[in-house]
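Trainee: FYI, the working numbering numbers position 84 of the sequence shown as 561, with every residue one higher than the one before it.
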Amino acid sequence: MKEILMPNEKFIFVTISSKEEYSDNLVAVLSTFPILGIEEKNDTFVATFRLSDWDTIDLDFFLSSLRLVDPNVSIVRIESIEDKNWNEEWEKNLTSVIVTDRVAIVPSTKVGTTGKEIEIIIDPKMSFGTGHHATTRLMIKLAEKYVKPNSFWIDVGTGTCVLAILAKKLGAKEVLAFDNNNWAIQNSFENLKRNQIKEGIDLLEMDIDALPSLPTADGIFANLNYDVVVRNLKKFCSAVDTTSGVVLVSGILVYDYDDFAELAQKVGFRILEVLREEEWFAAVLQC
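Here is the structure:
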């Protein structure tokens with residue numbers, strides 16, 4: 478369940494400027510603080526705090542923590558907001574995301590409104606992870622094509638569990654989904670319940686960099702970032718079935734595509750397909 482906010486409480490909105498490529502790691506750092514939620518819009522992030530929680534945070538420590546991820550990060554403004562029911566406001570502004578002719582991501586308040594065959598019900602903590610990000614949409618488009626019935630998939634850095642849930646709805650027999658962020662894991666468990674998935678997805682708190690290997694799978698979702706993907710290319714190649722297994726990769730800017738493609742090919746991958754949206758790309762790799 479999402480946290481209930483009492484009317485007439487005071488809140489602090491902290492607007493942070495950072496490049497979108499740092500999104501995942503920045504959210505991970507922010508989630509170590511007592512935030513109520515994060516809203517991501519292009520190159521800005523708005524973190525919401527109760528005033529009472531914000532008053533306990535040392536601003537210099539807060540900023541230095543963010544700069545561990547992005548040395549050029551900056552706080553654009555800090556706003557105090559009073560006397561508003563933010564649960565009601567937040568729910569009112571949640572929107573469905575139509576991704577393909579078959580697939581939509583919907584908040585629980587809008588189930589059944591899209592007319593799509595597959596609705597993935599995602600209620601994130603505030604508006605992070607709702608499917609509005611281009612990389613999520615790219616991965617969904619590829620998943621729709623490459624997930625086969627009775628297959629086994631691994632979702633690395635599952636976030637809101639949206640890709641793992643989609644894989645199950647597309648007929649996958651089993652999905653191993655994990656994330657190194659406890660906040661993401663909690664939200665993922667909530668989203669599994671919302672989608673009435675009681676079995677077939679193993680959800681764990683783990684870090685891909687700490688794992689020596691992965692089990693053999695028909696496919697891997699890796700919507701991460703350039704550094705994490707590149708560090709684990711060999712691990713991904715060793716894990717996918719050599720006859721038909723694929724790794725679906727995103728979270729990398731198009732400007733890094735040539736370097737990424739060269740490194741992937743050196744490991745032994747063939748690039749089967751590439752999609753692009755905005756400044757992001759997603760690729761299908763086969764070893």
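Ideal Cβ placement from N, Cα and C applies to all residues, glycine included.
Please say whether Ile-697 and Leu-631 have beta carbons closer to each other than 8 angstroms?
Mentor: Per the sequence shown, residue 631 should be read as Ile rather than Leu. Yes, they are a contact pair.
Trainee: Is the distance from the Cβ of Ser-494 to the Cβ of Thr-521 below 8 angstroms?
Mentor: In contact: Ser-494 and Thr-521 (Cβ atoms closer than 8 angstroms).
Trainee: For Asp-501 and Asp-684, what's the separation of their Cα atoms in angstroms?
Mentor: In a straight line, the C-alpha of Asp-501 is about 13 angstroms away from that of Asp-684.
Trainee: Three or more beta-carbon pairs under 8 angstroms between the region 711-722 and the region 730-737, yes or no?
Mentor: No, because fewer than three Cβ pairs between the region 711-722 and the region 730-737 fall closer than 8 angstroms, the two stretches do not touch.
Trainee: For Arg-544, which three-state DSSP category applies?
Mentor: It is helical.
Trainee: Name the DSSP bridge partner or partners of Gln-763?
Mentor: Per DSSP, Arg-747.
Trainee: Closest to Phe-758 by CA distance: which of Lys-712, Asn-700, Leu-513 is it?
Mentor: Selected option, being the one with the closest Cα: Asn-700.
Trainee: Restricting to Cα atoms, I'd like to know which of Tyr-703, Ala-581, Cys-638, Asn-709 is closest to Asp-686.
Mentor: Residue Asn-709 is the option with its Cα nearest to Asp-686.
Trainee: Could you work out which residue in Ile-512, Gln-663, Leu-681, Thr-612 is closest to Phe-655 when comparing CA atoms only?
Mentor: Nearest C-alpha to Phe-655: Leu-681.
Trainee: Is the number of C-beta pairs between the region 527-544 and the region 507-515 that are closer than 8 angstroms three or more?
Mentor: Taking 8 angstroms as the limit for Cβ pairs, the verdict is that the region 507-515 does touch the region 527-544.
Trainee: Assign Asp-600 to one of three DSSP states: helix, strand, or coil.
Mentor: Residue state, collapsed to three classes: coil.
Trainee: Return yes when the Cβ of Ile-597 is within less than 8 angstroms of the Cβ of Ile-552, no when it is not.
Mentor: Their beta carbons are not under 8 angstroms apart, which means Ile-552 does not touch Ile-597 by this criterion.
Trainee: Is Met-478 helix, strand or coil when you go by DSSP?
Mentor: The predicted model places Met-478 with a pLDDT of 35, which falls under 50 and marks its position as unreliable; any figure quoted below should be read in that light. It is coil, neither helix nor strand.
Trainee: If we ignore side chains and look at the alpha-carbon of each, how far apart do Leu-507 and Lys-650 end up?
Mentor: If I take the Cα positions, the gap works out to 34 angstroms.
Trainee: One question on the structure: do Ser-690 and Lys-712 come within less than 8 angstroms of each other, judged by their Cβ atoms?
Mentor: Cβ distance < 8 angstroms, so Ser-690 and Lys-712 count as in contact.
Trainee: On the criterion of 16 or more Cβ atoms from any shown chain inside 10 Å, does Lys-589 qualify as buried, or is it exposed?
Mentor: A small correction: the amino acid at residue 589 is Gly; Lys does not occupy that position in the sequence shown. Exposed: under 16 other Cβ atoms inside 10 Å.
Trainee: Taking the Cβ atom as the reference point for each residue, do Gly-592 and Lys-625 lie within a distance shorter than 8 angstroms?
Mentor: No.
Trainee: So Ile-489 and Phe-539 are in contact, right, with Cβ under 8 angstroms, and what is the actual spacing, rounded?
Mentor: At roughly 11 angstroms, the Cβ-Cβ gap does not stay under 8 angstroms, so Ile-489 and Phe-539 are not in contact.
Trainee: Going along the chain, which residues of its own chain have a beta-carbon closer than 8 angstroms to the beta-carbon of Arg-544, five neighbours each way excluded?
Mentor: Only Val-550 meet the Cβ criterion.
Trainee: Beta-carbon within less than 6 angstroms of Val-706's beta-carbon, same chain only, minus the 5 sequence neighbours each way: which residues are those?
Mentor: These residues qualify, in order along the chain: Ala-699, Val-726.
Trainee: Quick one: what's got a C-beta closer than 7 angstroms to Lys-645's C-beta in the same chain, skipping five residues either side?
Mentor: Closer than 7 angstroms at Cβ, skipping near neighbours: Val-652, Ile-674, Gly-677, Ile-678.
Trainee: Roughly how far, in whole angstroms, is the beta-carbon of Glu-667 from the beta-carbon of Asp-600, given that I think they are within contact range, below 8 angstroms?
Mentor: Confirmed, about 7 angstroms.
Trainee: Express the C-alpha separation of Asn-519 and Glu-621 in angstroms, rounding to a whole number.
Mentor: Cα-Cα distance, rounded: 26 angstroms.
Trainee: Suppose the cutoff is 7 angstroms on Cβ atoms and the five residues either side in sequence are ignored; what does the same chain contact list for Met-616 look like?
Mentor: Closer than 7 angstroms at Cβ, skipping near neighbours: Leu-640, Phe-698, Asn-700, Leu-725, Ser-727, Ala-759.
Trainee: So, are the CB atoms of Glu-467 and Ala-581 less than 8 angstroms apart?
Mentor: Since the first and last residues shown for the chain are 478 and 764, residue 467 lies out of range.
Trainee: Alpha carbon to alpha carbon, how far is Leu-688 from Thr-635? Give it in angstroms, no decimals.
Mentor: Roughly 16 angstroms between the two C-alpha positions.
Trainee: Would you tell me roughly how many angstroms separate the C-alpha atoms of Pro-548 and Asp-537, rounded to the nearest one?
Mentor: Their backbone Cα atoms lie some 14 angstroms apart in a straight line.
Trainee: Go to Asn-502, then tell me how far its alpha helix (DSSP H) extends in each direction, as first and last residue.
Mentor: It spans 500-507 - the alpha helix (DSSP H) in which Asn-502 sits, taken as one unbroken run.
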